[in-house]
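Chains as they are written, first to last, in the numbering used here: chain A, 24 to 311; chain B, 39 to 325; chain C, 18 to 525; chain D, 91 to 451.
Just so it is clear, CB atoms sit at the ideal spot from N, CA and C, and this is done for glycine as well.
A quick write-up on the structure given underneath.
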Amino acid sequence: MLDAKGMDGRSLIRRRAGLRLWLSAGWLTLLCLAALFAPWIAPKDPLAQDLFLGRMPPFWMAGSEPGYWLGTDSLGRDVLSRIIHGARVALTVALVAGVITCLIGATLGLLAGFLRGWVDMVISRLIDIWMAFPPVLFSILLIAVLGPGLISIIIAIVVIDWTRFARVVRAEAMAQGAMDYVASARVAGRGRIGIMLREILPNVLPTICVLLTLEMGIAVIVEAILSFVNLSISTDDPTWGGMISEGRTAIHQAWWVLVFPLITLFLTVLSFSQLGEGLKDRFDPVLR
Amino acid sequence: MTYLSIRDLSVRLKGGPSLLRRVSLDVEPGEVRGLVGESGAGKSMIGKAVLGILPPSVEITGGQILLDGTDLLTLPPKDRRRRIGASCALIPQDPLTALNPSHRIGPQITDRLVDILGWTRADAEARAKALLAEVQIPDPDRVLRAYPHELSGGMRQRILIASAFAAEPKLIVADEPTTALDVTVQKQILKLIAGMQARHGTALLFVTHDLGVVSKVCQYLSVLYAGMVVEDATVVDFFAAPRHAYSAALLAATPKYTDPAAGLNPVPDAVIDAVRAEVAAFDRGSA
Amino acid sequence: MNLNRRSLLKLSAATMAAGTIGLPTFAQAIDELVIAYNVNLPSWDPTVGPSAVNPTIQGIYQSVFDQYILQQPDLSPAPGLLTEWGWNEDRTQVWMTVREGVTWHDGSPFTAEDVAWSLARVANPETGSPIQFVWGTLANHRVEGNRVIADVAQFDPTIFKWMYFLTGYVLPKAYYEKVGPEGFEAAPIGTGPYMVEKFERNAFVRLKANANYWGGKPDFDTVTIKFVTDAAARVAEVESGNAHVTLEVPYEEYDRLTQNGPLAGLAQPISDIGMIFLNDIEVMTDPNVRKAAAHAIDKQAIIDRLLSGYGVKIDTLQTPQYAAFDASITVPYDEAKAIELLAASGYGPDNPVKFKIQTTRGFKPKDYEMVQAIVGLWRKVGIEAEIEVYEIAKHFELRGADQLAPAAFYNWGNSVGDPTTSTGFAMFGPSPHSVWDGEDLIGMIGPLWGETDEAKRIEGWKAVDKYIAENALVIPLLQYVQPILAAPGVTVISHASGALLPHLMKRA
Amino acid sequence: MYEYLDQDEDRQVHADGPPSAEATGRAVIRLLATRLLTTLVTLAGVAVIVFFVIRVVPGNPIAMMLPPGATDEDIARLSALYGLDKPMVTQFGIWVAGVLQGDFGTSITTRQPVLDLVLGRLPATLELAIMALVLAVILGGTAALIGTRFRGGRREGAIDVANGMALSVPDFLWGLVLILLFGVLWPIFHISGRVTPSLDLPFTTDFYLFESLLRLRFDLWADIVAHMFMPALALAIPLAAIIGQLLKQSLKETMNLDYVTLARTKGYGETRVILREALRNAALPTLTLVGVQFTFLIGGTVIIERLFSYEGLGNMAIDAVINRDLPLIQGIVLLFALIFTGVNLIVDLLYAVLNPRLRHA
């Protein structure tokens with residue numbers, strides 16, 4: 024059944040370049056650009072207030088103020104500029120918190136999953152204790168100790184979510200550890216740490232990448248939850264979560280103050296999760 | 039009246055190359071026909087097409103599959119699957135994965151009888167017990183209540199054979215039933231299948247890459263290359279004098295028990311090129 | 018404020034079918050009144066523990082228990098369980114005559130014994146009563162017929178005012194001693210207009226009218242107070258007809274619901290003010306900076322734009338309803354003057370003075386937004402204030418340890434209208450509540466604590482307020498207005514102390 | 091574990107029969123013993139951490155309690171009254187000694203024993219979490235089954251995007267949308283609370299939902315469900331997405347296995363094959379996830395309970411934190427830890443029971 028190119032028919036099914044993958048990658052690049060060039064892109068200064076321009080509707084509605092494309096909030100600040108600057112916080116939180124959570128969680132997971140023995144016992148107990156804390160309550164207490172601010176939010180996310188990484192990576196490392204190729208590597212006289220890094224890690228890496236993208240989405244959501252409980256950043260710089268909770272009280276008068284950051288948050292998190300799914304398919308060795 | 043008649047069956051990978059190129063063959067009631075070819079030649083694809091279990095990435099582009107006179111491809115899906123369920127059966131290749139791990143053995147034999155053929159539970163169970171005895175499984179009561187992981191590969195294959203014959207099907211497709219087993223068990227399983235086939239008079243479509251198996255079990259055979267039937271003959275005539283060059287080369291490549299010193303002589307390239315040209319010609323012809 | 022149902026429709030995720038949805042019909046005749054309350058009731062003992070000093074739940078206590086003296090809606094005192102009260106000539110004793118013919122909810126008679134016992138109990142430090150420092154000034158409480166006499170260990174001119182303020186409640190002596198604290202918490206009884214029929218913690222309390230209440234049986238037989246801590250949920254409760262009355266809703270929603278729906282609105286100023294504490298540290302020791310900060314705030318614009326106009330501008334810690342209010346003391350909004358003052362100390366928009374301002378977020382309506390607006394106004398004149406958000410618990414601790422930031426937004430709760438419980442405790446150095454420790458101020462306030470001549474005392478406090486305003490030792494902002502929404506079928510009389518009282522609600 | 095080489099089936103059948111009863115018994119006891127030990131270690135760890143973290147947190151209950159005009163010795167007196175003046179380690183010793191005898195101390199704000207408070211509110215949160223889980227399994231399960239039944243097609247794409255959307259919006263925003271939709275526009279569900287206050291409830295336990303069913307009081311049951319539906323749905327939406335996605339993935343893998351193909355040859359329709367053959371085996375890996383998510387669910391109700399004023403443990407927890415009610419916070423966090431380890435144990439046992447292979451291991 025070998026045709027001219029000596030290829031088995033099956034591998035010819037082209038990977039359907041997921042439309043969803045392109046869209047989410049597109050949105051995230053747009054976001055990065057906004058975050059990097061915020062001061063130049065944003066039409067207005069996000070912090071400038073004008074009490075007499077409060078709650079102006081978006082440009083296509085009657086009574087809108089020229090120059091304020093998506094309208095203003097109750098303090099007269101431009102919603103569009105705040106969303107653009109908000110991208111900075113969102114991406115920093117997503118990247119920094121995501122990566123740190125991944126590093127801590129994955130390393131501990133790898134160590135526990137591969138080395139087994141008492142290392143596994145200690146790390147597993149640590150995971151259990153950490154997961155036994157109600158996440159939201161724990162973050163409220165944590166931010167009460169550290170005081171609200173970008174750093175505290177990142178630390179709160181890392182402290183809550185590293186167990187997710189550790190658990191999955193540990194299971195994956197354990198599964199890989201039982202594979203024959205590990206046994207053969209050991210027979211070849213390779214050291215345990217050598218095996219872990221050169222043999223196990225590359226196979227566990229795809230899962231880690233997928234989890235990392237998902238974690239970034241979750242980090243953005245946690246920031247929104249924390250601002251709902253009024254714990255988000257204390258300074259003036261805008262965050263989407265902050266704008267959403269501020270917009271809640273004046274929903275009926277100025278729905279755009281809440282709706283536009285909500286849509287941006289929604290698209291960002293959706294893109295992260297679709298990216299994660301896309302990566303998962305891409306890395307998945309067995310063609311589904 | 040031929041029980042199964044496949045006429046010009048063509049199958050293609052969706053948006054890809056052809057897998058079966060206008061295959062035609064007939065199976066008479068009680069007859070055993072071998073489907074032989076290298077792996078990937080499309081021999082098990084024919085079995086799957088008949089039983090309607092083609093993978094989703096594959097589509098039938100032409101031809102007919104006449105079962106007892108009715109073309110299965112024109113039947114609406116519901117009627118087609120009930121017709122196949124009632125009159126055909128499959129003996130799968132790998133017993134380790136062909137039994138549902140979370141169900142006991144009993145229901146996996148009696149489910150078809152009760153759900154599709156409407157037997158009563160009692161009759162189905164009696165039938166199952168009888169079949170287990172027929173496939174020489176000791177202590178059938180305990181095995182009926184056991185779970186698949188408690189039994190060996192050979193045991194499971196016997197159960198699958200029993201399950202296949204349970205509904206007295208007119209046609210059974212055996213998809214390389216012994217490839218996954220150890221050599222010592224293969225002989226017993228082949229003997230079992232042949233014996234039951236003879237006793238039940240079931241038509242058997244036997245898919246294999248092992249000409250030795252064909253010589254012992256089948257009466258007729260079709261040799262396939264790249265989804266095309268290159269030769270169709272009785273086993274006796276074939277082993278005496280294969281007509282097609284590829285068939286001959288295939289026969290020569292098979293190590294003989296009787297002459298172990300003969301060494302291996304793979305199918306020469308010239309023969310491969312020739313048959314490839316034939317396939318290409320066929321494609322051009324039918325394109 | 019252009020209300021439109023469409024904006025609401027546009028918000029909901031699923032695009033709604035065209036056409037507006039009819040407002041839920043309100044039952045005209047309300048047989049069981051439902052109130053959506055904004056805070057949970059932690060404990061039933063109004064005299065001990067943190068809830069005794071929590072102003073937001075006094076309304077529930079005042080429905081079930083009576084205070085020694087009744088505080089009328091305009092904050093003025095009136096005969097309550099005590100019909101008359103006063104000091105003897107040389108102010109070494111206090112006497113109180115007790116109302117006759119009053120019964121507890123369990124039917125047992127209310128006697129002077131209950132009053133004496135209640136006063137002695139809150140004076141005793143072991144009970145953990147937080148206002149022990151006031152009640153402790155009376156000792157050796159004794160009953161003579163229907164009068165209660167007590168010796169004045171230390172003269173406190175406001176002792177009778179505390180009898181209609183925090184922890185000023187009379188509890189049933191016999192019943193309390195019989196069932197003990199846990200029993201009382203499980204089934205509290207008082208002499209008040211309503212009896213507790215059923216209490217589900219964090220959920221609701223159902224009150225039954227007290228038929229033989231000495232102040233007359235209240236209009237509604239059964240009242241259910243549902244604890245709905247989220248403002249948007251309270252709005253939804255009233256709008257959907259699940260509740261008839263609610264309070265502390267965002268002002269925008271108050272406007273929306275009262276302008277074109279069946280709901281009636283009531284927005285009265287209450288004895289609750291928003292202010293910025295100034296701590297005499299860092300840049301705040303420079304009077305120019307303090308005065309500039311005070312003059313740079315356009316209080317009226319903040320009230321109009323942020324609070325939809327619901328708020329009363331104030332320049333001292335006294336509100337118009339208070340005894341020592343002096344309308345002549347003003348701190349006008351004057352951006353030019355602020356810039357001039359800052360320039361005098363070498364600051365300006367290009368070289369701004371920097372300090373930190375602390376605030377809670379979400380504790381009081383728009384607290385964080387107000388500070389953001391103030392920081393915006395300050396930025397125009399050359400003050401660069403960095404906002405730090407903290408929880409109310411941290412505020413109390415920092416204030417107690419006098420470690421508040423140079424500026425800290427806070428709201429001074431329910432007061433009896435006496436200058437001591439407003440300017441007094443807020444600005445008197447030694448009190449753990451004050452932040453400003455200036456010796457000059459301590460000298461001015463000191464003698465007023467014991468001043469016996471009422472007129473002289475009030476004048477003294479007015480002078481203190483004038484001094485504070487001139488030197489901007491604190492920045493009063495506004496007197497809060499309490500928004501109350503009521504369904505047709507009930508009219509609510511608002512109480513200036515901010516307490517929402519079911520027995521003041523009449524059938525419309 | 092390699093399959094035996096079946097030289098001679100007859101002899102081999104008897105050898106590897108299912109392990110004897112006491113062997114399974116011993117295995118289960120060993121599992122329980124190790125699990126008990128790990129639970130104790132976890133609880134001890136949680137107790138230590140929560141005790142000292144909330145004492146490091148700025149702001150203490152005494153400061154909260156100070157009325158205007160209180161003096162410094164008032165502060166000292168009140169601290170002594172609540173035992174907060176002793177050094178931290180002694181306070182911890184007293185607390186732990188109390189806990190071992192079932193006395194979790196008294197709440198500062200409500201002046202009630204912490205144990206009664208916490209156990210009083212726990213049923214409400216448990217019921218909410220269970221209802222949310224049921225809704226999530228139903229929603230997620232249907233999505234997964236439909237996604238698998240029409241895999242590869244547009245419908246599966248639509249379900250994937252829907253799952254993505256459900257995950258991208260935090261649950262409190264779903265709550266907000268639900269309040270506006272079904273609370274205000276079409277008031278068919280109640281917005282706050284757990285039951286209509288005017289109903290008198292003949293219940294002895296605090297499990298209103300279950301007891302109303304047991305007592306066949308469907309009128310009460312309907313009222314309670316009408317109150318719990320929105321918060322439960324808000325909690326269930328993100329969870330349904332997670333369950334849906336994982337179950338679909340696992341189902342699709344199972345559908346490629348041989349025994350499923352064999353079932354098709356027996357004449358069963360696609361839907362019946364999914365339900366009868368694939369679902370049970372595909373559900374097993376999802377089960378462990380559901381167990382973990384359930385514990386997150388209980389921890390996660392804090393915000394939803396606040397939004398819907400639902401009187402569960404979460405609502406009380408937020409008040410406890412805002413008012414720095416230290417004994418109450420400790421009690422709540424310890425109870426959460428107990429529930430977490432308990433649920434994990436149940437899930438592991440359930441997994442062993444459901445998975446025949448483990449049942450005999």
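Give the interface partners of residue i over in chain A, defined as CB-CB distance under 7 Å, in chain order.
i              : result
I152 (chain D) : Going along chain A, no residue has its Cβ under 7 Å from I152 (chain D), so there is no contact; the nearest lies around 17 Å.
Rounded to whole angstroms, what's the CA-CA distance from residue i to residue j? Just pull it up for me.
i              : j              : result
L188 (chain C) : S68 (chain C)  : 16 Å
N434 (chain D) : Y441 (chain D) : 10 Å
L341 (chain D) : L329 (chain D) : 18 Å
Y204 (chain A) : I218 (chain A) : 10 Å
A424 (chain C) : L295 (chain C) : 5 Å
A402 (chain C) : G446 (chain C) : 25 Å
N445 (chain D) : T295 (chain D) : 34 Å
T130 (chain A) : A189 (chain A) : 8 Å
N150 (chain D) : I177 (chain A) : 25 Å
I267 (chain A) : V227 (chain A) : 37 Å
E527 (chain C) : I492 (chain C) : In this structure chain C extends from 18 to 525, so residue 527 (chain C) is not present and cannot be described.
A57 (chain A)  : K523 (chain C) : 58 Å
V70 (chain C)  : S302 (chain D) : 39 Å
V252 (chain C) : I286 (chain A) : 24 Å
L310 (chain D) : S288 (chain D) : 11 Å
A44 (chain C)  : Q276 (chain C) : Here A44 (chain C) scores only 48 on pLDDT, less than 50, and its place in the model is too uncertain to base an answer on.
C232 (chain A) : G299 (chain A) : 8 Å
Below 7 Å CB to CB, which residues in the same chain sit around residue i once its five sequence neighbours on both sides are set aside?
i              : result
P41 (chain C)  : In this prediction, P41 (chain C) scores a pLDDT of 43, lower than 50, which makes its location untrustworthy; the coordinate-derived value is nonetheless stated afterwards. Answer for P41 (chain C): S257 and G258, listed in chain order.
E101 (chain C) : T114
Cα-Cα, which of the options is closest to residue i?
i              : options                          : result
W263 (chain A) : A:W83, A:R78, A:L76 and A:V112   : A:V112
I320 (chain C) : A:A57, A:A61 and A:F75           : A:F75
D238 (chain C) : C:L458, C:A516, C:L50 and C:W429 : C:L50
W318 (chain A) : A:R100, A:A85 and A:P81          : Since the displayed chain A opens at 24 and closes at 311, residue 318 (chain A) lies outside it and no answer follows.
P89 (chain A)  : A:M79, A:L281, A:T186 and A:A247 : A:M79
I244 (chain A) : A:P284, A:H275 and A:A206        : A:P284
W63 (chain A)  : A:I274, A:R105, A:L290 and A:G77 : A:R105
Ordered along the chain, which non-local residues of its own chain (more than five positions away) have a Cβ less than 8 Å from that of residue i?
i              : result
V262 (chain C) : L50, V51, I52, A53, V255, I501, L502, A503, A504, V507, V509, L517 and M522
With a threshold of 6 Å on Cβ separation, who are the neighbours of residue i within its own chain once the five nearest residues in sequence on each side are excluded?
i              : result
A233 (chain D) : I249 and G334
P239 (chain A) : Note that residue 239 (chain A) is Met in the sequence shown here, rather than Pro. If we look at M239 (chain A) and ignore the five residues flanking it on each side, its Cβ neighbours are A117, G121 and F295.
Give me the chain D residues within the contact set of residue i, using Cβ-Cβ distance strictly less than 7 Å, ordered along the chain.
i              : result
F413 (chain C) : G149, A153, M154 and L156
Which bits of chain D does residue i rub up against, with CB to CB less than 8 Å?
i              : result
G258 (chain C) : P277
Listing by chain order, which chain C residues have their CB less than 9 Å from the CB of residue i?
i              : result
Q335 (chain D) : Within 9 Å Cβ-Cβ: nothing; Q335 (chain D) doesn't reach chain C, min ~21 Å.
Query raised in the report: Which of the residues in the region 378–399 of chain D, read from start to end, lie with their CB under 8 Å from any CB of chain C?
Result: R396, L397, F398 and S399
**Report entry** Interface residues of the region 148–168 of chain A facing chain D [CB-CB below 7 Å]
**Finding:** R148, D151, I152, M154, A155, F156, P157, P158, V159, L160, I163, L164, A167 and V168
Requested in this report: Could you run through the region 277–308 of chain D and flag, in chain order, every residue whose CB is less than 7 Å away from some CB of chain C?
Outcome: P277, H280, I281, S282, G283, R284, P287 and S288
Report task. Using a Cβ-Cβ cut-off of less than 9 Å, give me the residues of the region 382–415 of chain C that come near chain A, in sequence order. Result -> P382, K383, Y385, E386, Q389, A390, V392, G393, L394, R396, E403, I404, E405, V406, Y407, E408, A410 and K411
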